[in-house]
Every structure is written in C-alpha cells, then in structure tokens.
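Trainee: In our numbering, the protein residues as written are 1 to 301.
This is the structure I want to talk about, given as structure tokens.
Right under this line is the structure:
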C-alpha cells in the first residue's frame with residue numbers, strides 16, 4: 001500500500017511575501033531607484049513607478065526561486081529554518097510556479113511599458129542570481145559570493161537604463177561599487193554564522209579557508225570598493241555633495257573592515273562584535289551613499 005504524502009495547508013499571503021526576501025528587496029529597489037533618479041533627463045512618473053515595480057518584482061522572483069532551490073539548505077540553517085518551505089508552510093511546487101511567473105511578468109512588463117534595454121538587464125540579473133549564483137556557484141566554490149555578487153549589483157544599471165534606454169560610465173561604477181561591496185558584506189556575516197554554513201555543506205570562505213583568510217580578503221576587497229565609491233567625484237560624474245559623503249562613509253567602512261581584517265581571534269568573549277558592526281554598517285553605507293548620489297544630482301541640476 002502506498003501512503004500518500006500529507007497535504008500542506010494553503011500558503012498564507014505572508015508566506016509568498018517572505019519568499020521574495022523583502023528586506024533584501026528593499027536595498028535592491030533603493031539602489032535601482034537611485035540609479036534612475038541620478039540619470040540625466042526626467043522620467044514620466046508612471047514609467048518610473050513601473051520600472052521600480054518591475055525591479056521589485058524581479059528581485060522578489062529571484063528570491064523565491066533561490067528559496068525553492070535551497071529548501072534543503074535552509075532547513076538545516078538556524079537563520080533560515082523559519083522560511084516558508086523548510087517550515088512546511090508551503091509546497092515547493094507553489095514556490096517554483098510563483099518565482100517563474102513573477103520573473104516572466106516583471107521582464108515582460110519592463111519591456112512593454114519601459115524599454116527593452118532595462119528589460120534585458122533585468123532578465124540577466126534574475127538569470128544570473130538563480131542559475132549562476134544559486135544553482136552553479138553556491139554549493140561548489142568559496143568564490144560563490146564574489147562572482148554571484150554581480151546579481152545584486154545590476155539594479156543601478158537597470159534604473160539608469162529605464163530612464164535613458166542605455167548605460168554609461170556612472171552606473172557602471174555604481175555596479176562595481178555594489179559588486180565589490182558584496183564580499184566584505186557577506187563574509188562579515190559568514191564569520192559569525194559559519195557553523196550554519198558548515199552544517200549545510202555550503203563552502204563559504206570561512207568554512208573552507210578559515211577565519212584568517214576570510215579576514216584578509218575582507219580587507220583586500222575593501223580597497224577597490226573604496227576606489228569605486230569615490231571615483232565618480234574626481235572623474236566629474238558627480239558633485240561635491242556625493243564626493244564628501246562618499247569619502248566620509250567609505251572611510252568609516254574601511255576602518256571597520258580594517259578592524260575585522262587585522263583581528264587575530266574571536267575567542268575573547270566579545271561575540272564577534274566587530275564583524276557584526278561591519279555587517280550592519282555595510283547595509284547603512286549603501287543606503288547613505290546612493291541617497292547622497294540623488295541629492296547631489298538634484299541639488300546641482
């Protein structure tokens with residue numbers, strides 16, 4: 001006799017919202033919005049709203065497909081065990097259909113209502129996050145977050161393309177800023193949740209190479225990140241408002257990263273406070289520096 005698998009209760013709307021990783025989506029949407037507002041010219045409010053909506057839907061779709069594929073990993077990591085799939089509040093098939101449908105809708109809407117360039121970059125960003133990072137890299141190499149970080153760096157390019165139909169040097173530098181920011185940001189997190197990653201079999205850098213190597217890499221990646229952050233000012237792509245904010249906030253980031261990079265041990269009972277401080281500040285850092293970009297653009301316009 002075959003015993004049928006128990007049916008799961010219908011997923012709540014909050015479970016579908018959780019699939020989209022709303023906290024991550026907030027930063028993605030914000031950098032995309034700032035990329036659009038910093039672009040030359042003006043955007044019709046309806047077109048602008050549609051573009052940001054598509055960026056949000058695309059980011060949510062990528063998050064949903066990521067959770068669909070990584071349900072087994074999420075089930076053994078403490079910080080992800082309460083997500084809808086590992087917690088048993090949703091069927092995997094529903095998550096897959098939701099992610100695929102949302103992806104297709106966001107790209108089609110962007111192409112039809114905004115422009116093809118923005119839609120193409122949005123499509124690449126979704127595919128990169130799902131296929132390159134989630135499926136190919138994450139379980140295979142400690143460089144997963146280095147290469148995969150490009151997925152989260154696309155929104156400024158998408159926002160700029162939505163406003164102009166093309167890309168330029170400034171949004172490329174913003175792309176590089178987020179791309180180079182990603183390793184220090186995630187490795188700071190990985191240092192204080194490395195047991196979770198080890199239990200899940202994910203080869204994050206602290207698990208396979210140790211803390212010392214990870215700390216050194218955090219320091220090394222901060223150097224080109226700082227250059228990408230400040231460079232738009234001396235190149236004449238931004239004004240003094242952005243330049244001043246970028247210089248100060250990046251100096252603080254570098255100081256926190258240096259503290260983590262030069263730390264020899266975490267066995268002093270401080271519960272990874274420097275690492276947690278860098279991780280938390282790194283999120284605030286992007287909000288502040290991208291916000292300064294928009295203020296700079298509109299004050300000097």
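Glycine included, every Cβ here is placed at the ideal spot set by N, Cα and C.
No experiment lies behind these values; they were computed from the predicted model shown.
Going along the chain, which unbroken runs of the alpha helix (DSSP H) with 4 or more residues stay wholly within the region 80-115?
Mentor: The region 80-115 contains these whole alpha helix (DSSP H) runs: 92-113.
Trainee: From the DSSP output, in three-state form, read off residue 271 for me.
Mentor: Correct three-state label for residue 271: coil.
Trainee: Can the beta-carbon of residue 260 be found closer than 7 Å to that of residue 289?
Mentor: No. Outside cutoff.
Trainee: So which of 244, 241, 254 has the shortest CA-CA distance to residue 225?
Mentor: That would be 254, whose Cα lies nearest to the Cα of residue 225.
Trainee: Rounding to the nearest angstrom, what Cα-Cα distance links residue 38 and residue 88 in this structure?
Mentor: Each residue's Cα considered, the two are about 43 Å apart.
Trainee: Do three or more CB pairs link the region 283-300 to the region 30-44 at distances below 8 Å?
Mentor: With the cut-off at 8 Å, the region 283-300 and the region 30-44 touch.
Trainee: Out of 53, 70, 240, 222, state which residue places its alpha-carbon closest to the alpha-carbon of residue 179.
Mentor: Checked all of 53, 70, 240, 222; the closest Cα to residue 179 is 222.
Trainee: Between residue 296 and residue 252, which are expected to be in contact by the criterion C-beta below 8 Å, what is the C-beta distance as a whole number of angstroms?
Mentor: Rounded, the Cβ-Cβ distance is 19 Å, inconsistent with contact.
Trainee: Smallest Cα separation from residue 131: which of 162, 94, 65?
Mentor: It is 65 whose Cα lies nearest to the Cα of residue 131.
Trainee: To the nearest angstrom, report how far apart residue 311 and residue 229 are at their CA atoms.
Mentor: Nothing can be reported for residue 311: it is not among the residues displayed for the chain, which extend from 1 to 301.
Trainee: If you follow the alpha helix (DSSP H) that residue 185 is in, where does it begin and where does it stop?
Mentor: Residue 185 -> alpha helix (DSSP H) spans 169-192.
Trainee: Our contact map puts residue 174 next to residue 156 with C-beta atoms below 8 Å; I'd like the distance itself, whole angstroms only.
Mentor: The pair is a contact, with the Cβ atoms about 4 Å apart (cut-off 8 Å).
Trainee: Could you give the residue range of the alpha helix (DSSP H) that holds residue 203?
Mentor: Looking at the DSSP string, residue 203 is not in any alpha helix (DSSP H), and its letter there is neither H nor E.
Trainee: Please list, in chain order, all residues of the same chain as residue 58 whose beta carbon is under 6 Å from its beta carbon, the five residues on each side excluded.
Mentor: Within the same chain, residue 58 has close Cβ partners 106, 122, 126.
Trainee: Determine, using beta-carbon pairs with one atom in the region 145-160 and one in the region 25-35, whether at least three such pairs fall under 8 Å.
Mentor: Touching, yes, given that three or more Cβ pairs across the two stretches are closer than 8 Å.
Trainee: Using 8 Å as the cut-off, can you tell me whether the region 82-98 makes contact with the region 133-141, which would need three or more C-beta pairs spanning the two stretches below that distance?
Mentor: Cβ pair count under 8 Å is below three, so no.
Trainee: Note down, in chain order, each residue of its chain lying with its Cβ closer than 7 Å to the Cβ of residue 1, except the 5 sequence neighbours on either side.
Mentor: The predicted position of residue 1 is uncertain, since its pLDDT is 43 and thus under 50; a value taken from the coordinates is nonetheless stated next. If we look at residue 1 and ignore the five residues flanking it on each side, it has no Cβ neighbours.
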